[in-house]
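In terms of the UniProt record's numbering, the sequence shown is residues 1 to 335.
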Amino acid sequence: MSGTGRRPTLKDIAAETGLSMAAVSYALRGLHGTPETRQRVQEAAERLGYQADPVARALASGRSGSIGVLCASLEDLWQQRVAAALGRELLAPDRNAWIIDSAGDADRQLELAQHLVDHRADAIVVVPINPAAKAWAAIAREVPVIAIGDALPAAKAKSEVILDNETGVTTALRRLADAGHHNLAVLSPTRRFEVERPAEQIAQRVGRDLGLDIRLLQCPHDLAGATEVARSLLTADRRPTGILALADSMAFGVYAASRELGLTIPDDLSLLGYDDQPMSQLLTPPLSTFHWPLDDLVAHVVTRVTSAVDTNRRVRRTTLTPTLIERGSVAAPPV
């Protein structure tokens, strides 16, 4: 540390090494210079106790080094896994991720997105709650936006990594219909009377095409809340014989409520999950669900963030398709 008590600067390192301030700056960022020069600069910086000033660097470069990862709800185990993976992969000497929870509130998510704009985030990665919200257009004009799951039709997003809900939901409902089920429920995080997301719209359309009686119910991701919703559903008149839960975390509540009510899966009730949580294999019976290529998703998002921040280029949309994992929670309806 400098004996004057002030914060060491690039000028101090330049004086220590006999290099120019520009050469020191480049060496610290690993951009130019021989390995020997970079090592000499790094040793001098450590000896002097130099630490880069992130505010000064942001003012000089026009970048904050921060990427906002705006989740719909971190009570969703799948989003937890995505956020954790992105946090690891986006971490670099000059970059970090802010993981932010929208708590399932579409208006709050837009406010948080504007907050990221105001705090000079270099890009926003978002799992949108209401993809159709027109406010995304203004946000996308201010900062690169990379959408996960659903497209943002009102915005010119830098890129979109889309989940193929058309295939996922259609395959799920056909699987239940082929097993003989006609009275079904679909558990969704979408609040009643809000604008529906594409997955819910697909469920209603496919249900009509297949002649199914489908009830679309809002369900929280936490175990207690999901259990309460499932308990009310399973004690109502005309109890469904099959349920599609659009998150495995919701399906866990169906298992808990069924156990309370003395119902057996799949003899009394068939159940499909949607995002292949690791613990889904440990249930009795193991939950049939859909596997999404999480590693591919994260790699696509990181590539698009890097492209958006470094080159401001738009990258073509990528669509990821799920695979149905059959494990034993679906059977014919009770006679």
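Quick reminder that beta carbons are idealized off the backbone N, C-alpha and C, glycines included.
Treat the numbers as computed from the prediction; the structure is a model and nothing was measured.
query                                                                                                                                                           : result
Using the three-state DSSP reduction, which class does His300 fall into: helix, strand or coil?                                                                 : helix
Quick check on the burial criterion: 16 or more other C-beta atoms within 10 angstroms. Buried or exposed for Asp101?                                           : buried
Please classify Met279: is it buried, with 16 or more other beta-carbons within 10 angstroms of its beta-carbon, or exposed?                                    : exposed
Is the beta carbon of Ala106 sitting closer than 8 Å to the one on Trp136?                                                                                      : no
What did DSSP end up calling Phe193 once you bin it into helix, strand or coil?                                                                                 : In this prediction, Phe193 has a pLDDT of 39, which is less than 50 and means its spatial position is unreliable; what the coordinates show is noted afterwards. Here Phe193 sits in coil by DSSP.
Compute the beta-carbon to beta-carbon distance between Thr241 and Ser270, rounded to the nearest angstrom, for a pair I have assumed lies under 8 Å.           : 7 Å
What residue range does the alpha helix (DSSP H) around Ile202 cover?                                                                                           : Pro198 to Asp209
Can you check the stretch 96 to 138 for any alpha helix (DSSP H) of at least 4 residues that lies completely inside it and give the ranges in chain order?      : 106 to 118
Do you know how far the Cα of Ser64 is from the Cα of Pro293?                                                                                                   : 30 Å
Out of Tyr255, Pro131, Cys219 and Tyr274, which one is the CA nearest neighbour of Asp268?                                                                      : Tyr255
For Glu260, which residues in the same chain have their Cβ closer than 7 Å to its Cβ, ignoring the five residues on either side in sequence?                    : Arg231
List the DSSP bridge partners of Gly262.                                                                                                                        : DSSP lists no partner for Gly262.
Could you check if Ser2 is buried or exposed, using at least 16 other CB atoms within 10 Å of its CB as the buried criterion?                                   : The predicted model places Ser2 with a pLDDT of 49, which falls under 50 and marks its position as unreliable; any figure quoted below should be read in that light. Label assigned to Ser2: exposed.
Pull up the distance between the alpha-carbon of Ala147 and that of Glu36, whole angstroms please.                                                              : 42 Å
Are there 16 or more other CB atoms within 10 angstroms of the CB of Pro334, so buried, or fewer, so exposed?                                                   : exposed
I believe Leu234 touches Ala251 by the beta-carbon criterion, under 8 Å. Please report the beta-carbon distance rounded to the nearest angstrom.                : At roughly 13 Å, the Cβ-Cβ gap does not stay under 8 Å, so Leu234 and Ala251 are not in contact.
Distance, Cα to Cα, Arg197 vs Leu10?                                                                                                                            : 51 Å
So who's on the other strand from Gln218, going by DSSP bridges?                                                                                                : Ser188
Quick one: residues in its chain with C-beta nearer than 7 Å to the C-beta of Asp296, no 5 flanking neighbours on either side, listed in chain order?           : Leu320
Are the Cβ atoms of Val161 and Ala203 separated by less than 8 Å?                                                                                               : no
If you count every other CB in all the chains shown that lies within 10 Å of the CB of Leu59, and 16 or more means buried, which is it?                         : Here Leu59 scores only 46 on pLDDT, less than 50, and its place in the model should not be relied on; the value that follows carries that caveat. Burial call: exposed.
So for Glu142, helix, strand or coil by DSSP?                                                                                                                   : helix
Leaving out the 5 sequence neighbours to the left and right, which residues in its chain are closer than 6 Å to Leu116 when beta-carbon positions are compared? : Gly68 and Ile124
Can you check whether the CB of Pro285 is closer than 8 Å to the CB of Arg327?                                                                                  : yes
Who are the near neighbours of Thr323 in its chain, counting only those whose CB is closer than 6 Å to its CB and skipping five residues on each side?          : His291
Would you please verify whether the beta carbon of Thr303 is less than 8 Å from any beta carbon of chain B?                                                     : Note that chain B does not occur in the displayed structure, where there is just one protein chain.
Can you tell me which of the three DSSP states Asp178 falls into?                                                                                               : helix
Mind checking Trp312: buried by the 16 CB within 10 Å criterion, or exposed?                                                                                    : For the sequence presented, residue 312 should be read as Asn rather than Trp. Exposed, by the Cβ-count rule.
Figure out for me which residue from Gln80, Ala140 and Val126 has the closest Cα to the Cα of Arg314.                                                           : Ala140
Per DSSP, which residues does Val161 bridge with? Please list them.                                                                                             : Ile148 and Thr318
Using the three-state DSSP reduction, which class does Ser270 fall into: helix, strand or coil?                                                                 : strand
What residues are listed by DSSP as bridge partners for Thr323?                                                                                                 : His291
In the DSSP assignment, what are the bridge partners of Asp213?                                                                                                 : Asn183
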